[in-house]
Structures are given as structure tokens and as C-alpha cells.
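No gaps in the numbering here: position 118 of the sequence shown is 879 in this note's numbering, and each next residue is one more.
All C-beta atoms, glycine included, are put in the ideal place defined by N, C-alpha and C.
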Amino acid sequence: MTSDIKPPTQAEKGFQAKQLALALAKSLIFLFFGIYACHPLFAAFPALHPTAFAQFFTYLLWSLLLLWLVARFIEKRKLSDYGLGAKSLWDGLLEFYDGSLIGSLLVTSVTLILAAIGCYLPLAINSSCDLLALIPGLIAAALFEEILFRGYVLQTIERASNTKTAVIISSLLFGAAHLTNFHGSEPLLTQIASCTVLGLDAGLLFCAAYLLTRRLWMAAGLHAFWNIFEGPIFGTPVSGLYMGEPLIISSLDGPALLTGGSFGPEASIIELTICLLLAWAMWRKSQAKAQQKI
């Protein structure tokens, strides 16, 4: 039996490469405006960010506006085409809840493993921690990043190439965007390695969560509660940043390969391994769902 599928010609390969290059350029421009366009606004109106929540919420509103402008006037698409739809409000909330449960259990598992091998030591409960005040801002920050990377970048590159290429490129860009979290105290090679690992663990996992539902809500819940449990609850660095006074005052000490060093557990081989296994399981499930629809 012979196959009717022919390999792409050189002309077709060239066209595909141009489409991918254009999608990558559009993605980089969108990321630039999404991340940096608010900076002059904050400089001109300091009252816009008296708290982290106000700043994150401003970023979220800006990302929604930017996406709407691009969708409405340039790409002629609906916001639901970028993962912002849902069958109902309740379905969206349930997907967010599922993601939040996965994120909190994942980070708790990593922290317990670090504690079991002597790298993480809880010292005291911090009664002055205002955990509830931190949660809304971190949810807004997670939604902001999901709109940028899984909402626009992943899907723009996927339309121009294929899902695997889009997942790899968007994940690496997600990791690279966190290079600005360093302040020159770490060698450049360490910064690049940490952000590459972040792209491989968090980036691939958040992509897998999106692909499972083709909506952003599960990925956003996973992302938000990953950050909430890692920083404000367990007191470890989140992508190299400290999130104020945590609920659990702790010490993270040991080989950087295990702890992630100053970047935090996101650059740990322990978290990388767990995330890759979970991302693979989600990917398999999303592939099975896609086959059922055929």
C-alpha cells in the first residue's frame, strides 16, 4: 500500500520558514509591548503602583487591552481564539481550581522532598504574614503572563508551524523573559541556565495545561498557586524574587542542583523532573482527547 502524502518541496519549506519567522517576530513585538509599555506609565503616575497588587493588576488590564487591540484590528480574531473563552463562568472557575490544586500539590511535593534530604528547613510560623493580601496580586501576575505566553505567543507560532515547535519556542521565551529578575549578582551562565530550566519545567507544564483544555484557566490556576505556595507560603525564591514576608520562615540550603540556588526550586533538578513527568502525562491526555474528536 502506498501513501499519497508527499514530502514538502523546497518552495513549501521556504514558505513555512518565512511563516514561522513572521510569527516569531510578531510574538517578540507583542512581548515587548506587553512587558515594557507600562514602564513609562508607572514612571509618570507613581500612584498606579503603590502596592504589588496594583502593579500586577495594571499589567493584567494592559495585557487584555493589548490582546484585544491586536485581535480586533490586526488579526481579526476573537479573544476566545487566544484561550480566553469558556463554556460558562463555572466551567472556567473549575478549570482554574483544577490548575490551582495541581500547582499547590506540585510545589508542596517538591518542598517536602527538599525537606526530606535536608535542603529545606522550616524555622517558624510568621504570624505577621498577610497571606490573603498577596494572593490577588499573584493571581493577576499569573493571568498576565499566561495571556502573553500561552495566550498569544504559543498560539501565534502554532498557527504558523505546529504544536511541538510552538511549545518549545514559547517555553524558552518564557524562561528568557525572567532573565530580568537577576540583578548582576549571579554569573551570566548561571542566569541563563536557571531561566532555561524554568522554561523546561514551568514553561512546558503550563503549555501542557493549556493544550489539555485549549483555554488559559487551568494554566493560570497552576501558575498562580505555584507562585503562591513557593513564595508567600513556603518562603523560597520565586524565579529569583522574594515575595515579602512568607507564612513559613525557612532556610533553603544545599547544592544548587537540588535547591535551584538563588533562583529557587524552579531551577532545581527535583522540580524539573516532576514537572517534565507531569507535562508528559498532560500531553498524552491532550493527545488522546484530540484523537477522540477525530
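Quick one: what's Tyr881 bridged to in DSSP?
Leu1013
Residue range of the alpha helix (DSSP H) that includes Gly936
Thr924 to Ala937
Is it the case that the CB of Arg920 approaches a heavy atom of the ligand NAP more closely than 8 Å?
As far as ligands go, the structure on display features none, and thus does not contain the ligand NAP.
Going by CA-CA distance only, name the one from Lys787, Arg975 and Ser888 that's closest to Glu836.
Lys787
What three-state label does DSSP hand Leu1002 in the structure shown?
strand
Out of Ala876, Phe986 and Phe910, point me to the one whose CA is closest to Val928's CA.
Phe910
Taking Cβ positions, are Gly1021 and Ser1011 nearer each other than 9 Å?
no
Note the first and the last residue of the continuous alpha helix (DSSP H) segment covering Tyr971.
Leu965 to Thr974
Along the chain, where does the alpha helix (DSSP H) containing Ala753 start, and where does it finish?
Past the boundaries of the shown model lies residue 753; the chain is included only from 762 to 1055, so the question cannot be answered.
Starting from Glu907, trace the alpha helix (DSSP H) both ways and give me its first and last residue.
Leu892 to Glu907
Cβ-based neighbour list, Leu892, same chain, cut-off 6 Å, excluding 5 preceding and 5 following:
Pro993 and Leu1008
Is Leu862 close to chain D? Criterion is C-beta to C-beta, closer than 9 Å.
The structure shown contains no chain D; it is built from a single protein chain.
Inter-stretch contact at 8 Å, needing at least 3 Cβ pairs: the segment 1034-1042 / the segment 974-987:
no
Out of curiosity, what's the CA-to-CA distance linking Ala963 and Tyr797?
22 Å
Quick check on the burial criterion: 16 or more other C-beta atoms within 10 angstroms. Buried or exposed for Leu904?
buried
Pairwise C-alpha distance: Ala902 and Phe818:
7 Å
Please go through the same chain and pick out, in chain order, the residues whose beta-carbon is closer than 6 Å to the beta-carbon of Glu1032, but skip the five residues on each side of it.
Val871, Asp962 and Pro1026
Could you check if Gln771 is buried or exposed, using at least 16 other CB atoms within 10 Å of its CB as the buried criterion?
exposed
Terminal residues of the alpha helix (DSSP H) in which Glu947 lies:
Here Glu947 belongs to no alpha helix (DSSP H), and DSSP marks it neither H nor E.
Tell me which same chain residues have a C-beta within less than 6 Å of the C-beta of Lys935, skipping the five on either side of it?
It is worth fixing the name first, because residue 935 is Phe in this sequence and not Lys. So the list reads Phe910, Gly960 and Gly964, once near-sequence residues are dropped.
Looking at Gly795: is its Cβ nearer than 9 Å to the Cβ of Trp829?
no
Give every residue of the same chain whose Cβ lies closer than 7 Å to the Cβ of Phe943, excluding the five residues on either side of it in the sequence, and list them in chain order.
Gln952 and Gly1001
Given this structure, state the Cα-to-Cα distance separating Met1004 from Pro998, to the nearest angstrom.
8 Å
Please report the residue range of the alpha helix (DSSP H) in which Ser1047 lies.
Ile1030 to Lys1054
Please report the straight-line C-alpha distance between Pro1016 and Asp859, rounded to a whole angstrom.
33 Å
Residue nearest to Ser1023 in terms of C-alpha spacing, selected from Tyr971, Ser841, Glu947 and Glu907:
Glu947
Using a 10 Å radius around the Cβ and a threshold of 16 neighbouring Cβ atoms, would you call His984 buried or exposed?
buried
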